[in-house]
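Okay, structure first, notes after.
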Amino acid sequence: MLTYLTDSAVQLEIFGLKRIFPASKKHREEDFQDKFDSSTLFYDCFRSFDGKNIILVGPKPLGFEKELAKATFSISDGKLRTKHRKLKQIHEIWIKVAPDQVIDTVDMTLNGVRAQINVSASAAKRFEGKRTLSTLCKETPVCWILDWVKFNVVNHDVNALVLFENSQSVQRVQEIYQALEQSGLDIEFEVVHAPFPYGPPQMRDIKFLQRSILQILRWKYVQTSDALLFCDVDEFVICEKGVSIFSGLKDSFLGYFLIPGVWIEPVTNAGINELKSLDDRRHNMFLHTTNPPTATHRKWVAVPSRIPQSIQFKAHGVRPEPKHAAWLHPFFTRLKPFLRSATLCHFNAISTSWKTDRDKIGPIDESKHTLHEGLRNACDAAFSDKTKTPELS
45 MLTYLTDSAV QLEIFGLKRI FPASKKHREE DFQDKFDSST LFYDCFRSFD
95 GKNIILVGPK PLGFEKELAK ATFSISDGKL RTKHRKLKQI HEIWIKVAPD
145 QVIDTVDMTL NGVRAQINVS ASAAKRFEGK RTLSTLCKET PVCWILDWVK
195 FNVVNHDVNA LVLFENSQSV QRVQEIYQAL EQSGLDIEFE VVHAPFPYGP
245 PQMRDIKFLQ RSILQILRWK YVQTSDALLF CDVDEFVICE KGVSIFSGLK
295 DSFLGYFLIP GVWIEPVTNA GINELKSLDD RRHNMFLHTT NPPTATHRKW
345 VAVPSRIPQS IQFKAHGVRP EPKHAAWLHP FFTRLKPFLR SATLCHFNAI
395 STSWKTDRDK IGPIDESKHT LHEGLRNACD AAFSDKTKTP ELS
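Here the numbering used here is used: position 162 in the sequence shown is 206, and no number is missing along the way.
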């Protein structure tokens, strides 16, 4: 399935409002005009998995906090009750509705202006009971995406995918959808076009998109899934003895595991001159770490229905938000449940976004590099049909 968040997104302009760039001594607004989202009120408005709420998810309000707090919502038979949730970089509004009531639109009154908002359907039925894989990516080579999905299908029994594409190009998202449709992989999947500013990399407080996407993923798609693995296309998860990352997850104390990460170095015995093009590079060409491995950021796997509502999904873990909710969930605050039998392998050479020189690929040096045997075995299982990488001449 291919969907577009722009179909249900809500813009501030119709209410005569704009998000204000925060005062900063280090950064100027004009330097981030193409990255700072000053115009989106909500990225999505959708029905909850149980039909009891309409949920709106968007960036936190900056400069119109009081106006948003006074906003009202209604349908033909009257005013609706709302609850505002202030999370890290995110603002959610939950609107109480009758579970069996069909609602395609709601009326919102904000700043003295009334507008009609489209309500998109929940996708929870399609992903119910699934082992779901998800990520947010931008202009990633399609062959990398297909390899990443196949790796997780073969090694972790993934049978569903929700992929958010951040590029501006409609053609790009259609190419990804068509490639998945023609891949022969037996999975339920949805590709979601999310062409919104990602946020300035130097200013975390106004990087709204990824955390908002995670909440949309949670409440619209995977709340009824058996499990969710959230990681990037340049990351493969490896488990000891070749077991699935979902093995034992249901019996975990908190309903989720953190997965420690290591860098996979940009070294290979493939013909280096043939790898200048990103499309020519593939994950299974890069199988070595430094000795010892260099650590990198963790990722996580969870049973969504076991994570309390006041625990926010984030890129590298799940944490209580707002902070005062921490006392309600002391274990989620204090414990870091790392799954030591699993490793997140983060590929330095499989990326379109690093500031480092992506052309800097070198040969394997046995005095510096160590073969990651678990990664090699998992890649062999997934890509045994691929041509072996050529040796350096």
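The beta carbon of each residue, even a glycine, is placed where N, CA and C say it ideally should be. A quick note: this is a predicted structure, and the numbers were derived from the prediction, not measured.
Nearest-angstrom beta carbon gap, residue j and residue i [assumed within contact, 8 Å]
{"i": "Y87", "j": "F240", "result": "6 Å"}
{"i": "F171", "j": "Y265", "result": "5 Å"}
{"i": "W344", "j": "Y300", "result": "6 Å"}
{"i": "S83", "j": "E111", "result": "Not confirmed; about 15 Å, so no contact."}
{"i": "E234", "j": "V206", "result": "5 Å"}
Whole-angstrom distance between residue j and residue i, CA atom to CA atom
{"i": "R378", "j": "G156", "result": "44 Å"}
{"i": "L383", "j": "P304", "result": "7 Å"}
{"i": "P105", "j": "N199", "result": "42 Å"}
{"i": "T126", "j": "A113", "result": "10 Å"}
{"i": "S213", "j": "D249", "result": "27 Å"}
{"i": "C53", "j": "G406", "result": "The amino acid occupying residue 53 in the given sequence is Ala; Cys does not appear at that position. About 45 Å."}
{"i": "C423", "j": "D429", "result": "11 Å"}
{"i": "H360", "j": "E109", "result": "28 Å"}
{"i": "H373", "j": "W138", "result": "22 Å"}
{"i": "L415", "j": "P336", "result": "11 Å"}
{"i": "T50", "j": "S321", "result": "32 Å"}
{"i": "T431", "j": "V281", "result": "Any reading at T431 is ruled out, since the residue's pLDDT is 40, under 50, leaving its predicted position unreliable."}
{"i": "M329", "j": "K251", "result": "33 Å"}
{"i": "V163", "j": "K404", "result": "47 Å"}
{"i": "N313", "j": "F391", "result": "16 Å"}
{"i": "P245", "j": "F59", "result": "29 Å"}
{"i": "D81", "j": "I394", "result": "28 Å"}
{"i": "F376", "j": "I351", "result": "9 Å"}
{"i": "D148", "j": "K380", "result": "41 Å"}
{"i": "P66", "j": "F93", "result": "35 Å"}
Residue i and residue j closer than 9 Å at C-beta
{"i": "L302", "j": "F290", "result": "no"}
{"i": "F182", "j": "E225", "result": "Note that residue 182 is Lys in the sequence shown, not Phe. In this structure, E225 does not lie closer than 9 Å to K182 by Cβ."}
{"i": "C283", "j": "A425", "result": "no"}
{"i": "L85", "j": "L154", "result": "yes"}
{"i": "V347", "j": "S288", "result": "no"}
{"i": "S166", "j": "V193", "result": "no"}
{"i": "K96", "j": "K123", "result": "no"}
{"i": "T176", "j": "V150", "result": "no"}
{"i": "S349", "j": "L261", "result": "no"}
{"i": "Q356", "j": "L258", "result": "yes"}
{"i": "A271", "j": "I231", "result": "no"}
{"i": "K61", "j": "G107", "result": "First, the amino acid is wrong: residue 61 is Leu here, not Lys. Going by C-beta atoms, L61 is nearer than 9 Å to G107."}
Minimum C-alpha distance to residue i - residue among the options
{"i": "E417", "options": "L331, I405, K367", "result": "L331"}
{"i": "R326", "options": "C275, V197, R420", "result": "R420"}
{"i": "Q254", "options": "A168, K358, T338, S92", "result": "K358"}
{"i": "E365", "options": "Q133, T340, W307", "result": "Q133"}
{"i": "A223", "options": "L46, E410, I408, H413", "result": "L46"}
Local conformation of residue i per DSSP, three classes
{"i": "K380", "result": "coil"}
{"i": "R63", "result": "coil"}
{"i": "R129", "result": "strand"}
{"i": "D121", "result": "coil"}
{"i": "S213", "result": "coil"}
{"i": "M329", "result": "helix"}
{"i": "F375", "result": "helix"}
{"i": "Q50", "result": "A small correction: the amino acid at residue 50 is Thr; Gln does not occupy that position in the sequence shown. Three-state DSSP puts T50 in a helix."}
{"i": "E109", "result": "helix"}
{"i": "G406", "result": "strand"}
{"i": "L298", "result": "coil"}
{"i": "S178", "result": "strand"}
{"i": "V198", "result": "helix"}
{"i": "H360", "result": "coil"}
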